[in-house]
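Asks: Below you will find the structure I want to go over with you.
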Amino acid sequence: MYTPPAYAEKDEPLLRERMRAWSFATLVTHGAQGINATHLPFLVDEESGPHGLLTTHLARGNAQYHDLKAGAPALVIFQGPHAFISPSWYANRLTFPTWNYTAIHVQGTPEVVEDVAAIHAVLTRTVATYDTPLGGEWTFEGVPTDHTASRLRAIAAVRIPIARIEGKMKLNQDKSVADRLGVIAALEAQGDAQSLAVAAMIRQQPDLELA
Numbered sequence: 019m020y021t022p023p024a025y026a027e028k029d030e031p032l033l034r035e036r037m038r039a040w041s042f043a044t045l046v047t048h049g050a051q052g053i054n055a056t057h058l059p060f061l062v063d064e065e066s067g068p069h070g071l072l073t074t075h076l077a078r079g080n081a082q083y084h085d086l087k088a089g090a091p092a093l094v095i096f097q098g099p100h101a102f103i104s105p106s107w108y109a110n111r112l113t114f115p116t117w118n119y120t121a122i123h124v125q126g127t128p129e130v131v132e133d134v135a136a137i138h139a140v141l142t143r144t145v146a147t148y149d150t151p152l153g154g155e156w157t158f159e160g161v162p163t164d165h166t167a168s169r170l171r172a173i174a175a176v177r178i179p180i181a182r183i184e185g186k187m188k189l190n191q192d193k194s195v196a197d198r199l200g201v202i203a204a205l206e207a208q209g210d211a212q213s214l215a216v217a218a219m220i221r222q223q224p225d226l227e228l229a
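The structure is reproduced here in structure tokens:
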């Protein structure tokens, strides 16, 4: 990922926190049939290796399953908030439009998990991570055993020990305080979720805390 120094984020605990927040990510591999990409929910852990571990699951019928079984290296892309930025929002308007965005790229060699009990454990944890906090009452105990067994046979779990993690937070760090305050005001005035999220992240920059 092309990342000028001003936009590089190297705080790995922060990156893992944002990976959890942006956890519906894109798994990319290159195998015998070319490039494959699948959009999946990921669990993010700090165990296993120096950079942590990603866990997900996918259908065995997915062509990417065969890439993973063959040991293809993986790239996982976590996409955070983004927004178009107009030069008219800057104090210094002698510049060009741009796009603020946030992204984290993770690379590693996947391990396919075929054991039924292990797959069941991954799915149980996924439900606990995404459904339970919403007040969901669904559990595997409420589903007939044969129905669950057929589902477990149709999917595989995937573990990706993180070999490399890159964070890019392109949030006008190369602009003056006045320019960034203008961007914050304009984004907050737009009021949509993406604009508000980008404005909030810019406002967190240390030199803007007292501005």
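Using the numbering used here, the letters of the sequence shown map in sequence onto residues 19 to 229.
Glycine included, every Cβ here is placed at the ideal spot set by N, Cα and C.
In this text, all values refer to a predicted model and were calculated from it rather than measured experimentally.
1. Output needed for PHE60: all residues of its chain with C-beta closer than 6 Å, excluding positions within five of it in sequence on either side, in chain order.
2. Check each candidate in GLN82, PRO115, VAL94 and ALA175 and name the one with the smallest Cα separation from LYS193.
3. Could you check how far apart the C-beta atoms of MET219 and TYR25 are, in whole angstroms? I think they sit under 8 Å.
4. Starting from the C-beta of ILE202, find all residues in its chain whose C-beta is less than 7 Å away, skip the five residues before and the five after it, and write them out in chain order.
5. So, at 6 Å on beta carbons, what are the nonlocal neighbours of ARG182 in its own chain, with the 5 sequence-adjacent residues on each side left out?
6. With 16 other CB atoms within 10 Å as the buried threshold, where does ARG171 fall?
7. Please classify GLY67: is it buried, with 16 or more other beta-carbons within 10 angstroms of its beta-carbon, or exposed?
8. Just to confirm my understanding: we take ALA109, look at its own chain, exclude 5 residues before and 5 after, and list those with CB closer than 7 Å. What are they?
9. Please go through the region 161-192 and give each complete beta strand (DSSP E) segment of 3 or more residues, from N-terminal end onward.
10. Quick one: is VAL145 near chain B, going by C-beta distance under 8 Å?
11. Which residues bound the beta strand (DSSP E) around ALA101?
12. Tell me the DSSP secondary structure of TRP117 in three-state form.
13. Considering only the beta carbon of each residue, do LEU214 and GLU206 sit closer than 8 Å?
14. VAL130 and ALA174 - do their beta-carbons sit closer together than 8 Å?
15. Leaving aside the five residues before and after THR166 along the sequence, list all residues of the same chain whose C-beta is less than 7 Å from its C-beta, in chain order.
16. Taking the beta carbon of THR120 as the centre, do at least 16 other beta carbons fall within 10 Å, making it buried, or is it exposed?
17. What three-state label does DSSP hand ASP210 in the structure shown?
18. Do you know how far the Cα of ALA139 is from the Cα of TRP156?
Replies: To lay it out plainly:
1. Your numbering for residue 60 matches position 42 in the sequence shown. Around PHE60: SER41, ALA43, LEU72 and THR74.
2. Position 175 of the sequence shown, counting from 1, holds the residue named residue 193. Of the candidates GLN82, PRO115, VAL94 and ALA175, the one whose C-alpha sits nearest the C-alpha of LYS193 is PRO115.
3. Residue mapping note: residue 219 aligns to position 201 of the sequence shown, counting from 1. Residue mapping note: residue 25 aligns to position 7 of the sequence shown, counting from 1. Between TYR25 and MET219 the Cβ distance is about 12 Å, and since that is not below 8 Å, they are no contact.
4. The residue labelled residue 202 in the question sits at position 184 within the sequence shown. Excluding sequence neighbours, ILE202 sits near ALA217, ILE220 and ARG221.
5. Along the sequence shown, one-based indexing puts residue 182 at 164. Same-chain partners within the cutoff: GLN125.
6. On the sequence shown, position 153 is the one that residue 171 refers to. With fewer than 16 Cβ atoms within 10 Å of its Cβ, ARG171 is classed as exposed.
7. Numbered from its first residue, the sequence shown carries residue 67 at position 49. By the 10 Å Cβ count, GLY67 comes out exposed.
8. Your numbering for residue 109 matches position 91 in the sequence shown. These residues qualify, in order along the chain: SER194, ALA196, ASP197 and GLY200.
9. 173-179 and 182-188
10. Judged by its chain identifiers, the structure shown contains no chain B, having just a single protein chain.
11. In the sequence shown, the residue the question calls residue 101 occupies position 83. 92-103 is the extent of the beta strand (DSSP E) around ALA101.
12. As a first step, residue 117 must be located in the sequence shown, where it is residue number 99. Reduced to three states, the DSSP call for TRP117 is strand.
13. In the sequence shown, counting from the first residue as 1, residue 214 sits at position 196. In the sequence shown, counting from the first residue as 1, residue 206 sits at position 188. Their beta carbons are under 8 Å apart, which means LEU214 touches GLU206 by this criterion.
14. Sequence index remark: in the sequence shown, residue 174 carries index 156 (1-based). Sequence index remark: in the sequence shown, residue 130 carries index 112 (1-based). The answer is yes: Cβ separation under 8 Å.
15. On the sequence shown, residue 166 is found 148 positions in, with the first residue counted as 1. PHE158.
16. Mapped onto the sequence shown, residue 120 falls at position 102. Per the 10 Å Cβ criterion, buried.
17. Residue 210 sits at position 192 when you count from the first residue of the sequence shown. Coil, per DSSP.
18. Stepping through the sequence shown from its first residue, residue 156 is reached at position 138. Stepping through the sequence shown from its first residue, residue 139 is reached at position 121. Those two C-alpha atoms are separated by around 15 Å.
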